[in-house]
Amino acid sequence: MNYVILISGRGSNMESLLDAQLPGRCAAVISNRPEAGGLATAQQRGVPTAVIDHRNFASREEFDAALAAEIDRHGADLVLLAGFMRILTDGFVRRYEGRMLNIHPSLLPLFPGIKTHAQALAAGVRLHGCTVHFVTPALDGGPIVAQAAVPVMAGDDEASLAARVLVEEHPLYARVARWFLDGRLRLVEGRVQLDGETPITGALHAPDVR
Ligand code: GAR
Numbered sequence: 017m018n019y020v021i022l023i024s025g026r027g028s029n030m031e032s033l034l035d036a037q038l039p040g041r042c043a044a045v046i047s048n049r050p051e052a053g054g055l056a057t058a059q060q061r062g063v064p065t066a067v068i069d070h071r072n073f074a075s076r077e078e079f080d081a082a083l084a085a086e087i088d089r090h091g092a093d094l095v096l097l098a099g100f101m102r103i104l105t106d107g108f109v110r111r112y113e114g115r116m117l118n119i120h121p122s123l124l125p126l127f128p129g130i131k132t133h134a135q136a137l138a139a140g141v142r143l144h145g146c147t148v149h150f151v152t153p154a155l156d157g158g159p160i161v162a163q164a165a166v167p168v169m170a171g172d173d174e175a176s177l178a179a180r181v182l183v184e185e186h187p188l189y190a191r192v193a194r195w196f197l198d199g200r201l202r203l204v205e206g207r208v209q210l211d212g213e214t215p216i217t218g219a220l221h222a223p224d225v226r
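When you line the sequence shown up against this note's numbering, it's residues 17 to 226, in that order.
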């Protein structure tokens, strides 16, 4: 299977996906920002890159049409949003329904949108984390595939919390992408189906009271 990765910035999730030696071919890394740091990282790994600069388009529809043309040109079976910071039109999302995944830096449905770590600190939650979900028209609201939780520690600020979550984002996203590319993961009538899930027992306590 071919997959493409969409980025807007640093691209650390993209890098971990490329390094995971997934059972498929990364056909392209596509950014909506020419200055995205992840583009150079992809090029260093020999992955084709493309820039569809949203500032060159008068409307979201025109931008999304150009983005879809680029994705389809690479014959993508799977679209992985990895720090792709654009709101997508319903038409675009429907085109890739069941074959587009996103990683979001919170335990959805808590804290959709941006500034998720600041939202978590303001809410005073003791557990925070990240979510990989299928993308649907509802912003950050698609069916959840997997989540990883981390404790919020006394003295955390946005940066320390973001760093703790990011460590968990990388393996989580690679694991889910592998499930999809292995044909074990699919969306059926709006629900996530995963073959052969391994049960995990035990809970994460924050603060740790054990
Ligand atoms: C990651 O934390 C990702 O979860 C988040 O942006 C960061 C990108 O970092 N994505 C979103 O907020 C999507 N709404 P990266 O470019 O180093 O992967």
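Even for Gly, the Cβ is constructed at its ideal location relative to N, Cα and C.
Between Arg191 and Ala162 a beta carbon distance of about 7 Å is seen, short of the 8 Å cut, so the two are scored as contacting. Listed in chain order, the beta strand (DSSP E) elements of length 3 or more contained wholly in the stretch 76–142 are 94–97 and 116–120.
The beta carbon of Arg41 sits closer than 6 Å to those of Asn18, all from its chain and outside the five residues before and after it, given in chain order.
Across the set Leu203, Pro187 and Ile216, the C-alpha of Pro187 shows the shortest separation from the C-alpha of Ala36. In the three-state reduction of the DSSP assignment, Leu201 falls in the strand class, which pools E and B.
The Cβ atoms of Ser24 and Arg102 lie closer than 8 Å to each other. Secondary structure note for Ala165: its beta strand (DSSP E) is the uninterrupted segment Ile160 to Pro167. The beta carbon of Pro125 sits closer than 6 Å to none of the beta carbons in its chain outside the five residues before and after it. Excluding sequence positions up to five before and after Ala222, its CB lies within less than 7 Å of the CB of Arg142, Leu143, Pro167 and Val168, all in the same chain and listed in chain order.
Considering only Leu155, Gly114, Asp211 and Gly157, the residue with the shortest C-alpha distance to Glu205 is Gly114. The DSSP-derived three-state label of Ala178 is helix. The three-state secondary structure of Ala44, taken from DSSP, is strand.
In the three-state scheme derived from DSSP, where H, G and I count as helix and E and B as strand, Leu55 is classed as helix. With a cutoff of 7 Å, Leu182 counts as near the ligand GAR, since its C-beta is closer than that to a heavy atom of the ligand.
For the options Ala139, Asp156 and Val148, the alpha carbon positioned closest to that of Ile130 is the one of Asp156.
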